[in-house]
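Participant: Sequential numbering from 4 applies to the sequence shown in this note's numbering.
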Amino acid sequence: MALAVSAGLGVAAFGQTVRIETRSMLVQVEAQASSQETVRLLVGLGRIRADLQLGMLVLGEPSAAAHFGHPRAEILPGIAEGLQAAGVGDLAPVLQKLEDGGAEDAVRKAYLEAEKALLKARSTLAPSGEDAALAVLELARLSAGGIAASGPTEMRAYQVAWAQLMVARGELDLLARSADPGLAQLALSEAMALDEIILSMPDPAGSGPVAFDPAPILELVKRLERRDEAA
């Protein structure tokens, strides 16, 4: 099966436990996703990486501190226990270094150290292809949910949505290496679609509210949800 996701699936990415809700595909999803907890943790790591990318995007501006400070204050507490149980080292120290700021060279060095730690954490989680596919779906959902469909989106919310898509794009690159040919093909095709979406999006380093229709992202989400039905 290419992707164990159906319409109605929702992954709760922010709490201490993950919750997958379906109407008729619950058994299939549970059989295909090797670990719902891994999906939750993978999404959490993705959200942290998105914030750090945004901090680097606006490095030198006052808003960078907010991006660098958000993961340790708002995201890590919800996944720290799960990461520890999975054998992942404490990420707080490397995130703290970014919060401490300093000269740009020091911040760039701290960012590379944090990225290395986050990638190591992902490797330690050892997500299955199905886990990674579900994480991509959830990141895309979060991104679409952060963009107003009926009017301009506040810049901060838009930036987060943009960065989450960038992280999802990176996950697709990793998923393309899957030994499952169905998942690998899924990753390749959706990576191309996601590239087009990202290229069409306004500059995330701009200022003021952003007008962008999330419809292309929602279509991507729908395609991912339908994959299991077509398999």
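Every residue, glycine too, gets a C-beta built ideally from N, C-alpha and C. Small disclaimer: the values here were computed from a predicted structure and weren't measured.
Below 8 Å, can you find three or more Cβ-Cβ pairs linking the region 162-177 to the region 43-53?
Facilitator: Yes, they touch.
Participant: Buried or exposed, going by whether 16 or more other CB atoms sit within 10 Å of the CB of Pro96?
Facilitator: By the 10 Å Cβ count, Pro96 comes out exposed.
Participant: Could you name the residues of the same chain whose beta carbon sits closer than 7 Å to that of Ala196, not counting the 5 residues immediately before and after it, in chain order?
Facilitator: When the five nearest sequence neighbours on each side are left out, the beta carbons in the same chain lying within less than 7 Å of the beta carbon of Ala196 are those of Leu223, in order along the chain.
Participant: Under the three-state reduction of DSSP, which class applies to Val213: helix, strand or coil?
Facilitator: Note: Val213 maps to strand in three-state DSSP.
Participant: Which word fits Gln188, buried or exposed, when buried means at least 16 other C-beta atoms lie within 10 angstroms of its C-beta?
Facilitator: exposed
Participant: Rounded C-beta distance between Pro74 and Leu45? I'm assuming under 8 Å.
Facilitator: Going by Cβ atoms, the distance from Pro74 to Leu45 rounds to 15 Å, so no, they are not a contact pair.
Participant: Please classify Ser192: is it buried, with 16 or more other beta-carbons within 10 angstroms of its beta-carbon, or exposed?
Facilitator: exposed
Participant: Considering only C-alpha positions, which residue in the set Asp103, Ala67, Pro219 is nearest to Asp54?
Facilitator: Ala67
Participant: Determine whether the Cβ of Thr127 lies closer than 8 Å to any Cβ atom of chain D.
Facilitator: Chain labels in this structure do not include chain D; a single protein chain is all it has.
Participant: So, Leu202 versus Ala135, is the Cβ gap smaller than 8 Å?
Facilitator: no
Participant: Using a Cβ-Cβ cutoff of less than 7 Å, which residues in the same chain neighbour Thr127 once the five nearest sequence positions on both sides are dropped?
Facilitator: Beyond the five residues adjoining it in sequence on each side, Thr127 comes within less than 7 Å, by CB distance, of Ala89, Gly90, Val91 in the same chain, given in chain order.
Participant: Use the C-beta contact count for Asp216: other C-beta atoms within 10 angstroms, 16 or more gives buried, fewer gives exposed.
Facilitator: exposed
Participant: Let me know the secondary structure DSSP gives Glu33 once reduced to three states.
Facilitator: Unreliable placement is indicated for Glu33, whose pLDDT of 41 sits below 50; no coordinate value is reported for it.
Participant: Going by alpha carbons, who is nearest to Glu40 out of Ala138, Asp93, Pro207?
Facilitator: Ala138
Participant: In whole angstroms, what is the alpha-carbon distance linking Gly105 and Gly58?
Facilitator: 13 Å
Participant: Let's test the definition: count the other Cβ atoms within 10 Å of the Cβ of Glu133 and tell me whether it reaches 16, buried, or not, exposed.
Facilitator: buried
Participant: How long is the line joining the alpha carbons of Gly85 and Leu60, rounded to whole angstroms?
Facilitator: 29 Å
Participant: Evaluate Gly211 with the Cβ neighbour count: other Cβ atoms within 10 Å of its Cβ, from every protein chain shown; 16 or more gives buried, anything less gives exposed.
Facilitator: exposed
Participant: Counting along the chain, where does the alpha helix (DSSP H) carrying Met204 start and finish?
Facilitator: Counting along the chain, Met204 sits inside no alpha helix (DSSP H), nor does DSSP assign it H or E at all.
Participant: Work out the CA separation of Glu157 and Arg125 for me, nearest whole Å.
Facilitator: When rounded, the distance between both Cα atoms is 31 Å.
Participant: CA-CA distance, Gly81 and Gln87?
Facilitator: One Cα belongs to Gly81, the other to Gln87, and the distance between them is close to 12 Å.
Participant: Classify Ala218: buried if its beta carbon has 16 or more other beta carbons within 10 angstroms, exposed otherwise.
Facilitator: exposed
Participant: Kindly provide the ranges of any beta strand (DSSP E) runs that are 3 or more residues long and lie completely inside the region 39-104, ordered along the chain.
Facilitator: none
Participant: Can you tell me where the alpha helix (DSSP H) with Ala151 in it begins and where it stops?
Facilitator: It is not in any alpha helix (DSSP H) - Ala151 carries neither H nor E in the DSSP assignment.
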